[in-house]
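Residue numbers (the numbering used here): 1 to 112.
Note that beta-carbon positions come from the ideal geometry of N, C-alpha and C, so glycine has one too.
All of these numbers come straight from a predicted model, not from anything done at the bench.
Take a look at the structure set out below.
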């Protein structure tokens, strides 16, 4: 027997048969065609489950890798930066609060 039988079936809804294409000249009895369709639908469902499992494992692996990378970051590596708004610096000047840089600048001015 020469030829090819292509069966297009749904993997989720096991009763859906979308198409059949047969090449070659050999006749195929309906019972044999039905048996081939059932086998193809079972195989499609099996492959669908294999693909879903592979995607789930890949997602878990990616999550684990990302979490491991985040754990490697130490708190000591993170610098704390304070940002003052314009109004805050004026309030500090009025209250007499000065930062180290301002004290050094005044010290240099008085020395010269």
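Problem - Burial state of residue 73, where buried means 16 or more other Cβ atoms lie within 10 Å - result: Here the question's residue 73 lines up with position 73 in the chain shown. By the 10 Å Cβ count, residue 73 comes out exposed.
Practice task
Excluding the 5 residues preceding and the 5 following residue 23 in the sequence, name in chain order all residues of the same chain whose CB lies nearer than 7 Å to its CB.
Solution key: Working through the chain shown from its first residue, we reach residue 23 at position 23. Around residue 23: 3 and 4.
Handout entry: Outcome for residue 26 when other beta-carbon atoms lying within 10 angstroms are tallied against a minimum of 16
Key = Reading the chain shown from its first residue, position 26 is the one you call residue 26. Classification of residue 26: exposed, given that the 10 Å Cβ count is below 16.
Exercise for the section: Specify the secondary structure class of residue 20 as computed by DSSP and reduced to three states. Expected result: By 1-based counting over the chain shown, the position of residue 20 is 20. Looking at residue 20 - three-state DSSP - the assignment turns out to be strand.
Exercise for the section: Give the straight-line distance between the Cα atoms of residue 18 and residue 53, rounded to the nearest whole angstrom. Expected result: Mapped onto the chain shown, residue 18 falls at position 18. Mapped onto the chain shown, residue 53 falls at position 53. Distance between the alpha carbons of residue 18 and residue 53 is about 25 Å.
Problem - Straight-line Cα distance separating residue 37 from residue 56 - result: For the purposes of this step, residue 56 is identified with residue 56 of the chain shown, where counting begins at 1. For the purposes of this step, residue 37 is identified with residue 37 of the chain shown, where counting begins at 1. Distance between the alpha carbons of residue 56 and residue 37: 29 Å.
Problem - Residues bridged to residue 8 [DSSP beta-bridge criterion] - result: Here the question's residue 8 lines up with position 8 in the chain shown. Paired residue(s): 19.
Practice task
Please classify residue 7: is it buried, with 16 or more other beta-carbons within 10 angstroms of its beta-carbon, or exposed?
Solution key: Locating residue 7 in the chain shown gives position 7, where the first residue counts as 1. Counting Cβ neighbours within 10 Å, residue 7 comes out buried, since at least 16 surround it.
Exercise for the section: Would you kindly work out how many angstroms separate the C-alpha atoms of residue 104 and residue 62, rounded to a whole number? Expected result: Within the chain shown, numbered from 1, the residue matching residue 104 stands at position 104. Within the chain shown, numbered from 1, the residue matching residue 62 stands at position 62. Looking at the two C-alpha atoms, the distance is approximately 51 Å.
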